[in-house]
Amino acid sequence: MAKVRWNRERHRPNRVMAFFIVIFVYWRHLMSNVSDVPYIESELYRIRHSAAHVMAEAVLAYFPEARLAIGPPIEDGFYYDFDLGKDENGKPITFSPEDLDTIENKMKELLKQNAVFEQSTKSVADALAFFAGQPYKQELIEELAAGKVDENGNPVSEAVSEVGIYQHRNFVDLCRGPHVPATRNIKANAIKLLRSGGAYWRGDENKPQLQRIYGTAWHNKVELDAYLKRLEEAKARDHRRLGKQLGLFHISQLVGSGLPLWLPKGTVLRETLEGFLRQAQLERGYLPVITPHIGKLDLYITSGHYPYYKDSQYTPIDVDDEKFMLKPMNCPHHIEIYRSEARSYRDLPLRLAEFGTVYRYEQSGELNGLTRVRGFTVDDSHLFVAPDQLEEEFIGVVDLIQHVFKTMGFDDFRARLGTNDPNSDKYAGSPEMWQKGIRAIRHAADRVGMAYTVEEGEAAFYGPKLDFIFRDVLKREWQLGTVQVDFLLPERFDLEYTGADGQKHRPVMIHRAPFGSMERFVGILIEHFNGAFPLWLSPVQAVVIPITDRHVEYAKQVATKLRAAGLRVEVDADNARMNAKIRNAQLQKTPYMLVVGDAEEENNAVAVRTRENENRGAMPLADFITHATSLVQTKAMGL
RNA sequence: GCCGACGUAGCUCAACUGGCAGAGCAAUGCUCUUGUAAAGCAUAGGUUAUGGGUUCGAUUCCCAUCGUCGGCUCCA
């Protein structure tokens, strides 16, 4: 199933892949009324697969020495990987942007000459001989013959003796199809090459780096144009762009990459979110704690973080004769709070919560605005529970996360159970622990009737987890909230409590974060709402606009009253015309513009305009305050 | 980290093959006192990311470093 195959990519917070997802899902939505065939069986899939072949044919016209790797259809298009060899200096030959234009034009020319896609098979031996000089194809054939993995790295059920071949004109490729009948089934004006870039053979950074070209292909030009327009729209709501325009955050080169500075407006937004969660946690019996940003290296050696994640932690800091780490996680610190006194079963469940800032080394090429940073704040909590409380507490956390998501207006989300990969050494603890954790999560999810998918290899190193994956208005998926069950750290730190029986018992830990990280969450919020946040989250909820200088005094009085009612207000007293002030407020996506002139001043009123271009006319100030404060209180989405 | 593109005023962008670095917006000052998406005039703003090199002369060509963007890889 295509759905499964692309799953890994779906969860990467990667912009371009996200775009692929957008279109794929949008397309499926469009087509859902027409037919329910899976993507892999659809005509669009065949068009894209065939377009990849034609692209390879076009590349060979200009780079006859190119060696072909793989060229599959993907969510909204296709790609093909090539090894173009090296130049005289020994540097890999790459595609220039001009090359893409040339190749695209060649493709269009080739598409117009109608060529039939013909399928055949070759024995493994014949195929190896035929693809002599194509080492990547040979490797694929050998792996198929050995019954290992197919071209997408998926396990093959059994060894094959024959491989599929597709040919059109002189272009022959190892391929199991399916394809469109002939090149005329691909419209030349419905394809476009989008970008090129390096890509490791088989996705392995220890293997050669190939040159990948991404393209997109659709049934017709209308669909292509709609897709390109969608890409533009997504670009316009990029949180990095909006963050700058709306004055939410700034990344200074002098402070450092991946270390965002929160500007006043961004801080108001973030603190509002934090305040909301603090309140929700207070109601659920969480206890606040605060811990420092560094801790001794030994702490992380004890916890096991250091050996497992050495590569993504900063080098220890030498202080006197000891080494300290910038904390990569909050749990060890919270564990030390648990251990600060003798615990009894009466203390449990103990729910310690902190907006804890952590630092992780991310490779420079991975940084991205607020969604991928090197220092970020987790809305963290660790629940220390007795084994028989585990399920109940887990359900409580799931309930909290659902509450948070629903309040944000996030209706479209799903859950994913991440389990360990038994073949990987990435995971600590005994198989029994893992089974116990997974069983507890499944049981809890079943009890609350929560559907989830299971993905092997998506667990934390210390235990299985349930992730909440949110789909934004552009239908992109983001992993946000997470709940993790942990039997390991309590053991590593030898945690215990005295039970009613007077004996020592070991607690279980639950790690959880509804937002995930404040940085990423705000980044996603910006894009989801396109910067037009619900009133309760808007950094500036209303701007008072005096029509002339003589109305500034009244405008200030209005602002004072609004502030007294708890609203965030600005007065635009600039020497500018009202129209310009309205325009500015619109561009800042300020929810309400309150225009005040002679008429309003006389009647103690404000003329209400919304960012939705709705002019509601004059209204008594008291009425506006009642209206706005009630919307804030209920965290309403509308204005 | 790897491959590629790029880095000019606070922001968005110009400057043909090397020949005195420019515009709009924003900022500041003045005039206008305005009724629902941009009033007018003026002023100021730059070691063209940083450091080397080639050249009579470098924003432009070359090298290195840093950073941004797009891919890849990674992501507790």
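For any residue, its number in our numbering is found by taking its place in the first sequence, counting from 1, and adding 37.
Backbone N, C-alpha and C define an ideal beta-carbon position, used for all residues, glycine too.
Quick caveat, the model's predicted, so the values are computed rather than measured.
- In the three-state scheme derived from DSSP, where H, G and I count as helix and E and B as strand, Thr139 is classed as helix.
- Between the region 551-563 and the region 516-536, the count of Cβ pairs shorter than 8 Å is three or higher; the stretches touch.
- Excluding the 5 residues flanking it on each side, Asn650 has no same chain C-beta neighbour closer than 6 Å.
- When C-beta atoms of the region 165-173 are compared with those of the region 100-109, three or more pairs fall below 8 Å, so the two segments count as touching.
- Measuring C-alpha to C-alpha distances from Phe505 to each of Lys347, Leu526, Ile438, Asp531 identifies Ile438 as the nearest.
- Going by beta carbons, Leu265 and Lys224 fall outside the 9 Å limit.
- In this chain, the alpha helix (DSSP H) harbouring Lys618 covers 615-624.
- For Pro527, the enclosing alpha helix (DSSP H) starts and ends at 525-529.
- Here the C-alpha atom of Glu311 lies approximately 22 Å from the C-alpha atom of Lys281.
- The secondary-structure analysis by DSSP pairs Val633 across a beta bridge with Pro583.
- Per DSSP, Glu495 lies in no alpha helix (DSSP H) segment and is marked neither H nor E.
- The three-state secondary structure of Arg321, taken from DSSP, is coil.
- Met144 sits in a helix when the DSSP states are folded into three classes.
- Residue nearest to His86 within the set Lys598, Ser349, Gly214 is Gly214 (criterion: CA-CA distance).
- Here Gln316 is exposed: its Cβ has fewer than 16 other Cβ atoms, across all protein chains shown, within 10 Å.
- DSSP, reduced to helix, strand and coil, places Phe208 within a strand of the structure shown.
- The three-state reading of DSSP puts Pro571 in coil, since its state is none of H, G, I, E or B.
- The three-state reading of DSSP puts Pro365 in coil, since its state is none of H, G, I, E or B.
- Ala482 carries a helical assignment under DSSP once its states are collapsed to helix, strand and coil.
- Put simply, of Glu141, Val161, Leu285, Asp124 the residue whose alpha carbon is nearest the alpha carbon of Asn567 is Leu285.
- Remark: three or more beta-carbon pairs, one from each stretch, lie closer than 8 Å, so the region 320-328 and the region 384-402 are flagged as touching.
- Contact between the region 535-549 and the region 416-423 is present: three or more C-beta pairs spanning the two stretches fall below 8 Å.
- With distances taken between CA atoms, Met630 lies nearest to Ile582 out of Gln670, Ile582, Leu658.
- Each residue's CA atom was taken as its position, placing Glu590 and Leu407 some 39 Å apart.
- For Lys502, the enclosing beta strand (DSSP E) stretches over residues 502-508.
- Leu454 is bridged by DSSP to Val491, Leu503.
- Around the C-beta of Gln400, fewer than 16 other C-beta atoms lie within 10 Å, and the residue is accordingly described as exposed.
- For the set Ser461, Ser198, Asp355, the Cα lying nearest the Cα of Ser160 is the one of Ser198.
- In this structure, Asp523 places its C-beta atom within 9 Å of the C-beta atom of Ile547.
- No Cβ-Cβ contact shorter than 9 Å links Ala496 with Thr535.
- Spanning the alpha carbons of Thr328 and Ala88 requires a straight line of approximately 55 Å.
- In terms of Cα proximity to Leu231, the closest of Asn243, Ala254, His216 is Ala254.
- Rounded to the nearest whole angstrom, the CA to CA distance from Asn222 to Asp262 is 18 Å.
- In the DSSP assignment, Val356 is bridged to Glu359.
- Around the beta carbon of Ile662, 16 or more other beta carbons lie within 10 angstroms, which makes this residue buried.
- For Tyr99, the enclosing alpha helix (DSSP H) stretches over residues 80-99.
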